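Chains as they are written, first to last, in the working numbering: chain Y, 1 to 406; chain D, 1001 to 1457; chain C, 2001 to 2145.
Ideal Cβ positions, reconstructed from N, Cα and C, are used throughout, including at glycine.
Since we're looking at a predicted model, the values are computed, not measured.
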Amino acid sequence: MREVAIVSRKFAVENSHTLSVAQAHGAYKTLEKLHTLAPLEIIEIIKESGLRGKGGGGAPAGAKWALMPQESERPSFVVINCDESEPGTFKDRQIITKDPHLLIEGILITCYAVKAKHAYVYIRGEYAQYQDVLQGAVDEAYVAGILGEVDVTLHRGAGAYICGEKSALLESLEGKRGHPRLKPKQPEPEWYFGNPTLVNNVETIASVPFIMEHGAAAYRAYGTEKSPGTLLFAMSGHVEKPGVYEAEFGVSMMDYINHYGGGMKNGKKLKAVIPGGASTGVMTAAEADNVQLDYESLRSMGLSLGTGGMIVMDEDTCMVSVLKNLLEFYHEESCGQCTPCREGTGWVDKLVGKILDKRGSSEDIDKLLEVAETMNGKTICVFAPAVSAVIVSFLSRFRDEFEAAL
Amino acid sequence: MSEMIEIIVDDKTYRAEEGSLLIDLLIREEIKVPYFCYHESLGADGNCRMCMVEIAGQKRPQIACDTLVKSGMEVNSKSTKIEKVHTDILELELINHPVDCPTCDQAGECSLQDLYMDYGLHDAKVTIVDKVKHDKKVDLGSNVMLDQERCVLCARCTRFTDKITHTHELGIIGRGDEAKVSTMPGRKLDNPYAMNVVDLCPVGALTSKDFRFHQRVWFLQSAESICHGCAKGCNIYIDHNKMKYQDDVIYRFRPRRNDAVNGFYICDEGRLSYKELETNRLESMLYDGVVVDEHEAIAQYKSLLTQYQGRVSVVIDANLYSEEIEAIVAYAERIGAKVFAPLECYNDPSFADDMLKSAQRAANYGAIVKMGLETNMPSDAGLIINFNHPTHFNAEAEIHFSTHKQESNALLLPMAAFSENSGSLINEVGLEQWCEKAVEKNSPAPTVLSWLEKVEG
Amino acid sequence: MSFCFNDANVAKIEALKKRYPSAQALSLPCLWMVQYQEGYISLDAIDVIAEVTDTPAMEIYRVATFYTMFHLEPTTQKRVLVCKTLSCKLCGSDAVLEQLKKHDVLVEHVECLGSCGTAPVMQIDDVNYENLTPTKVDAIVEGLR
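This is the structure:
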């Protein structure tokens, strides 16, 4: 496996969260170059790099930047999504604690490109201690005059998974409940108090300085044709060395798990992997043996790459209880706005609970799939469709375990 | 105004304004589409997900309340696929519903019930013990009771207090399937239009404390009328019923949509003013406090008229129908009496607001103004014939046609209230509107017109 | 009992107002300030926030009830947040919970805390305690006194 460190290049450096150490290791070097380029030229470079959003969706970042108006009477904003709440995902916290200046540098480039003067970093409420580290870096950057012309404000969430959805995040940032907004009819920027706004994940923005420094081709030298570059993939669950390790897109999942994760914990056999955060579905060990870590490979299996946060499960794991655990999560976290999600997440949780308690019947399995179907494609945001896909992925691969529990 | 374009719904062509909401067209053309949260006065919220339709070229079904009409759009509202979508979402809407229709006042005018008959008809698949439990008897204030279990969280009531009254008493709190409508702890729903949330609520979650448990809605008959609370002329339904062996009774007033006057709403005071029509009514003819029969009453009437010949003043209430006022004016001319319609007593600035409540608290205010009747009362009247005017005027003698009881030694003659008669009214801005006769009492009091016939006969 | 922001928070609010296009954006920051200042969010405090943010009190109340980290009731016990989501569950969060039952703390069973790689985890006063074992739990909770 080819070692690569684009976003994680300073992770191993001690005290890299401080400005002096970060600068000694090359932080903010791209800013000199920045003003030799026009904003639209930068957006072009980002487009060419093929950089994709790393918060789970994988949408092309450059196209999103290009939606921002270059001429606007209203101020433009950049919002960084650090509401990292997808179970199995813990990569953004590495960036804001181990290399916060990389993020700030990325923010400055992004703000220049989309002509924004103020960026907000929306950080999940549970990350207070990591927010403090990032705030320290921001404060240092202000003192050093790196920030000032462009402002960065950290904004703390307060415990709501749905705020990772960009329009819910903006609602929350406006001081409201985190309800996803109705989707626009044509491509347009997001809106923050009616002002054009770009929302990107922490890691996406932290990838930008490398592209600025080395060019789009250098970024494309990693990864696959359609999934260029790298991701802070992560492992948790039944592996020897769980953690976050950057790798290029397209590496074999098992190579990654064995190389960085040190294989299965206690020498157990692999049973299943959730590839990229709870909402990406589940695959069997046999499938894991043959899959590459890129958006297209996962999609072709009916799953998604998501955030690349793999949850690894060994042979002793009960898949009914795993699904129950995930459905409890969704039941708890549904914002409650749309009927299919509000009522559906509760119902599927109760149905699987019934099966887990050995009170279920085969009708309950059928009903589970029916409700999953109703939850798919009928809501404002993709929360309910994701729950639906999770259920289908479990039942299509481990149905025998559910039937055995009846 | 945008361009008018053509779209196709279920193979038929319709015209609509480009960029208008598809659901408005479906409602206007009476194309059946299920919905809870959308309301024409509150706009789209998109939360109930019921109003799904298929649109050619779109992969997934779309909600009609968030779809803008475009030229050439092809919509299917009735395919097997879309009916299944309606059925499935309705089933989810019902899983936590208590299904307590037998004790629910909304039964008979409930969207859930109606839609279940159209799309549901499934057996319940969730046992009652697994349903989410909430408070079933929350007194929100302003005569509004909340049953949180019946609520479908459409947010119409909360949007009403946010967008219409701007009083913000109601909100959806909590989240997921624990979300519920509530006021802030210890605070009440308290605004002059609060009871409209009962009409807005598509299910039995919000009911009127004034109406609940009194009458099943399917027994009620509705007459189209105008509220008599002020000169605004808000359109209402008078819901009444005559139960076997009992009298015809009014159970409630409800707002009747009229975009030119009151939109969808009425004020609570007007809504509850039906009670005045059922209480303290003058039922017998009285003279000097003693009950008299019609023969004696008319004899007394004529004798007073003769006695005060040339010194008679007729006073008219500005709540009478125009037809009645005209008849009284003509009658006064025949008997040589002067006509007065004092308006000062109706003026109540403390009642007025910038929504629907007018400071002029008389339903036919506009007619008095239009007819140019004398509004200043002289102080030297001999005999006053008062047609239900609320003010007591000093005079040597008085005949009082009245809907309600009076502390008076005058000749008191009971007359029909507006709900017991039909006629037209002109509101404060000159709009003429018609009121249907609603109730037929077992022993009806005579109308103004029949009284005039009697006393001239 | 009425609520007032302390001087430090008043200064913070004034500074924050300059950083947002609308005062309503301050509702979450203000709710946090109240919670740190008072330990919980009272209705009086909600009224004060409503004024600061120029937002109806009901809207602030709705916001406060939406986010699980805001507490509308006071407690004298120490709050311990224990993650119950999958990675922690796979790595022994049930044992952590069992162990915590033996202590006088207010245990909140919460969803993913973002410590999946260092599971199981609990959070006390905004600090994560990771790679927990029952023995570690005892030591940490004892150390709180």
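7 Å Cβ cut-off: residues of chain D touching residue i
i          : result
Pro2056(C) : His1168
Tyr2061(C) : Gly1171, Ile1173, Met1184
Ser362(Y)  : Within 7 Å Cβ-Cβ: nothing; Ser362(Y) doesn't reach chain D, min ~14 Å.
Pro340(Y)  : Arg1049, Ile1089, Leu1092
Ile380(Y)  : Gly1046
Leu182(Y)  : Gly1046, Asp1066
Under 9 Å from the C-beta of residue i: neighbouring residues of chain D
i          : result
Leu2156(C) : Absent from the model: residue 2156(C). The displayed extent of chain C is 2001 to 2145, so no value can be given.
His331(Y)  : Gly1176, Asp1177
Gly53(Y)   : Residues of chain D passing the Cβ test: none, with the nearest at roughly 22 Å.
Gly62(Y)   : Neighbours of Gly62(Y) on chain D: none; closest Cβ ~25 Å, over 9 Å.
Interface flag, residue i vs chain Y, CB-CB below 7 Å
i          : result
Arg1060(D) : yes
Asp1317(D) : no
Ala2015(C) : no
Arg1156(D) : no
Asp1123(D) : no
Asp1066(D) : yes
Asp1100(D) : no
Cys2112(C) : yes
Gly2147(C) : There is no way to answer for residue 2147(C), as the model of chain C reaches only from 2001 to 2145.
Gln2024(C) : yes
Leu2028(C) : yes
Pro2097(C) : Looking at the sequence shown, residue 2097(C) is not Pro but Leu. No - not a single Cβ of chain Y is within 7 Å of the one on Leu2097(C).
Where the alpha helix (DSSP H) through residue i begins and ends
i          : result
Gln2123(C) : Premise fails: Gln2123(C) lies in the beta strand (DSSP E), 2122-2124, not in any alpha helix (DSSP H).
Lys354(Y)  : 339-356
Tyr130(Y)  : 128-143
Test: residue i CB closer than 7 Å to a CB of chain D
i          : result
Phe2070(C) : no
Thr2133(C) : no
Cys335(Y)  : yes
Phe2003(C) : no
Gly125(Y)  : no
Thr374(Y)  : yes
Gly377(Y)  : yes
Residue i at chain C interface by Cβ criterion, 7 Å
i         : result
Pro87(Y)  : yes
Arg93(Y)  : yes
Glu84(Y)  : yes
Gly263(Y) : no
Phe193(Y) : yes
Phe398(Y) : no
Anticipated Cβ contact below 8 Å, residue i with residue j, distance rounded
i          : j          : result
Glu1428(D) : Ser1350(D) : That belief does not hold up - the Cβ atoms of Glu1428(D) and Ser1350(D) are roughly 17 Å apart, past 8 Å.
Gly1072(D) : Ile1164(D) : No, Gly1072(D) and Ile1164(D) are not in contact; Cβ-Cβ is about 36 Å, not under 8 Å.
Gly88(Y)   : Gly309(Y)  : 4 Å
Glu2111(C) : Phe383(Y)  : Between Phe383(Y) and Glu2111(C) the Cβ distance is about 13 Å, and since that is not below 8 Å, they are no contact.
Gly157(Y)  : Asp92(Y)   : Incorrect: roughly 13 Å between the Cβ atoms, too far for contact.
Gly336(Y)  : Leu1153(D) : 7 Å
Unbroken beta strand (DSSP E) run spanning residue i, endpoints
i          : result
Ser1079(D) : Per DSSP, Ser1079(D) belongs to no beta strand (DSSP E) and is neither H nor E.
Cys1435(D) : 1432-1435
Gly1141(D) : 1138-1141
Ser190(Y)  : According to the sequence provided, residue 190(Y) is Glu. The question's Ser does not apply to it. Glu190(Y) -> beta strand (DSSP E) spans 190-192.
Asn200(Y)  : 195-201
Ala1410(D) : From DSSP, Ala1410(D) is part of no beta strand (DSSP E); its letter is neither H nor E.
Gly1459(D) : Within the shown structure, residues of chain D are numbered from 1001 to 1457, placing residue 1459(D) beyond reach of any answer.
Within chain C, the residues that residue i reaches when beta carbons sit closer than 9 Å
i         : result
Asp151(Y) : Arg2019
Arg177(Y) : Glu2059, Arg2062, Val2063, Thr2065, Phe2066, Tyr2067
His238(Y) : Leu2090, Cys2091
Within chain Y, the residues that residue i reaches when beta carbons sit closer than 7 Å
i          : result
Asn2128(C) : Gln129
Asp1130(D) : Lys350
Proximal chain Y residues relative to residue i, where beta-carbon distance stays under 8 Å
i          : result
Gln2123(C) : Glu126
Leu1200(D) : Those within 8 Å of Leu1200(D) in chain Y number zero; the least Cβ separation is about 18 Å.
Partner residues on chain D for residue i, Cβ-Cβ distance less than 8 Å
i         : result
Gly344(Y) : Leu1092
Would you mind listing the alpha helix (DSSP H) stretches within the region 1218-1271 of chain D that are 4+ residues and don't spill past its ends, in chain order?
none
At what residue ranges does the region 21-85 of chain Y contain a whole run of the beta strand (DSSP E), taking only runs of 3 or more?
76-82
Hey, which unbroken runs of the beta strand (DSSP E) at 3 residues or more fall wholly within the region 1050-1074 of chain D?
1052-1055
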